[in-house]
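Below you'll find the structure, written out as structure tokens, and then a few comments.
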Amino acid sequence: MTLTLPNILTIIRLVAAPMVAVMFLYFTRPYADWFALVLFVSAAITDWFDGYLARAWKQETKLGAMLDPIADKAMVVIALMVIIAFSSWSPWLVLPATVILFREVFVSGLREFLGDTAGTLKVTQLAKWKTTCQMVAIAVLFSQGVFEHYLGMSAFGMDQNMVNAIFAGEEPDLQGLQWKHAAMEWAGISGLGLLWIAAALTLITGVDYLMKSLPHLKDEI
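Going by our numbering, the first residue of the sequence shown is number 25, and it counts up by one from there.
Here it is, written out as structure tokens:
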């Protein structure tokens, strides 16, 4: 087993995955959202660097090939779990997340069953776009939590009439409620849209992997 720099980056990303959830156990919001966002984005960036460095330095190893998809799936699954937990279980969020989680479990099961023939399920370019879309969607959704809680903190102590007057432009917006609300709305809509796109790509790549594995699932007569 060779422990190269790309492999070390992959291991760091694997360890960072559960830490995203741990942030919400030890820190209050919005600090937990900030830490989770920075941790997730940093880990997502290493996903590109470890693959690039492994190819550039010709340090592609079996350990890296095994750990890289596990780290990706762990990051996505745990981050989605955290986001859903703090989203009041919105069906618009739960449905695409369910599709993504089901596909990851399904493809992992296929790879385990196929064993040595799992090479037929090589990662496609579309699957890489799927992973990128998932990472960006999750990062944007984490940022929504940041804006949401800063908005609540800025409006703390104001009654509803004052808040309504500020949004109506009848009172000066000294706390920046309008731009924080707009940022929260934008992050929520764009993050959810990206997650649905990721779910669609997830479904397409899942079907593609299933079709490629079908010849290996037939019983010999």
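Cβ coordinates follow ideal geometry from the N, Cα and C atoms, glycine included. Computed from a prediction, not measured in an experiment: that's the story for all the values here.
task = Measure from the alpha carbon of Leu165 to the alpha carbon of each residue in Gly230, Phe110, Lys82, then state which is nearest.
result = For Leu165, the closest C-alpha among the options Gly230, Phe110, Lys82 is that of Phe110.
query = Terminal residues of the continuous alpha helix (DSSP H) containing His205?
reply = Boundaries of the alpha helix (DSSP H) harbouring His205: 201-237, taken from the DSSP string.
ask   = Beta carbon of Ala163, beta carbon of Ala68: below 8 angstroms?
value = The Cβ atoms of Ala163 and Ala68 lie closer than 8 angstroms to each other.
query = For Val160 versus Leu218, is the C-beta spacing smaller than 8 angstroms?
reply = Less than 8 angstroms divides the Cβ of Val160 from the Cβ of Leu218.
inquiry  = For Leu238, tell me which candidate among Gly200, Tyr50, Val129, Arg135 has the shortest Cα-Cα distance.
reply    = The option with the nearest alpha carbon to Leu238 is Arg135.
ask   = Hey, out of Gln168, Ile108, Arg37, whose CA is closest to Lys204's CA?
value = Nearest option by C-alpha distance: Gln168.
Residue range of the unbroken alpha helix (DSSP H) whose run includes Leu165 = Counting along the chain, the unbroken alpha helix (DSSP H) around Leu165 starts and ends at 149-178.
Neighbour-count burial assignment, Asn31, 16 or more Cβ in a 10 Å radius = Burial state of Asn31 is buried, judged by a 10 Å Cβ sphere holding 16 or more other Cβ atoms.
ask   = Count the other CB atoms within 10 Å of the CB of Tyr233; is the residue buried (16 or more) or exposed (fewer)?
value = Classification of Tyr233: buried, given that the 10 Å Cβ count is 16 or more.
Buried/exposed call for Asp92, threshold 16 Cβ in 10 Å = Burial call: buried.
request  = For my contact list, Val106 and Ala179 are in at a C-beta cut-off of 8 angstroms; report their separation, rounded to the angstrom.
outcome  = Not a contact, Cβ separation roughly 25 angstroms.
task = Kindly confirm or deny that the stretch 186-194 and the stretch 123-134 touch, where touching means at least three C-beta pairs closer than 8 angstroms.
result = Taking 8 angstroms as the limit for Cβ pairs, the verdict is that the stretch 123-134 does not touch the stretch 186-194.
request  = Rank Gln184, Lys236, Trp210, Ala40 by C-alpha distance to the C-alpha of Val100 and give the top, closest one.
outcome  = Of the listed residues, the one whose Cα sits closest to Val100 is Ala40.
key: Between the CA atoms of Met47 and Leu38 - distance to the nearest angstrom   = Near 15 angstroms, if we compare the C-alpha coordinates of Met47 and Leu38.
Euclidean distance between Cα positions of Leu29 and Asp71 = When rounded, the distance between both Cα atoms is 12 angstroms.
Straight-line Cα distance separating Ala222 from Thr156 = C-alpha separation (whole angstroms): 8 angstroms.
ask   = Taking Cβ to Cβ, would you say Leu216 is nearer than 8 angstroms to Trp153?
value = It is not a contact, given that the beta carbons lie outside the stated cut-off.
ask   = For Gly200, which of Ala211, Ser214, Tyr174 has the nearest alpha-carbon?
value = The option with the nearest alpha carbon to Gly200 is Tyr174.
task = Could you check if Ala151 is buried or exposed, using at least 16 other CB atoms within 10 Å of its CB as the buried criterion?
result = Flag for Ala151 reads buried.
query = Lys242: which of Phe137, Ile228, Val231, Gln202 sits nearest, CA to CA?
reply = Of the candidates Phe137, Ile228, Val231, Gln202, the one whose C-alpha sits nearest the C-alpha of Lys242 is Phe137.
request  = Drop a sphere of 10 angstroms on the beta-carbon of Pro120, count the other beta-carbons inside from all chains shown, and report buried for 16 or more, exposed for fewer.
outcome  = Label assigned to Pro120: buried.
request  = Answer with buried or exposed for Glu194, where buried requires no fewer than 16 other C-beta atoms within 10 angstroms of its C-beta.
outcome  = The Cβ neighbour count for Glu194, taken over all protein chains shown within 10 Å, is under 16; the residue is labelled exposed.
inquiry  = Give me, in chain order, the residues of the same chain whose beta-carbon lies closer than 7 angstroms to that of Trp58; leave out the 5 immediate sequence neighbours on both sides.
reply    = The beta carbon of Trp58 sits closer than 7 angstroms to those of Val170, all from its chain and outside the five residues before and after it, given in chain order.
message = At the level of alpha carbons, what is the spacing between Ala211 and Ile108?
response = Rounded to whole angstroms, Ala211 to Ile108 spans 15 angstroms at the Cα level.
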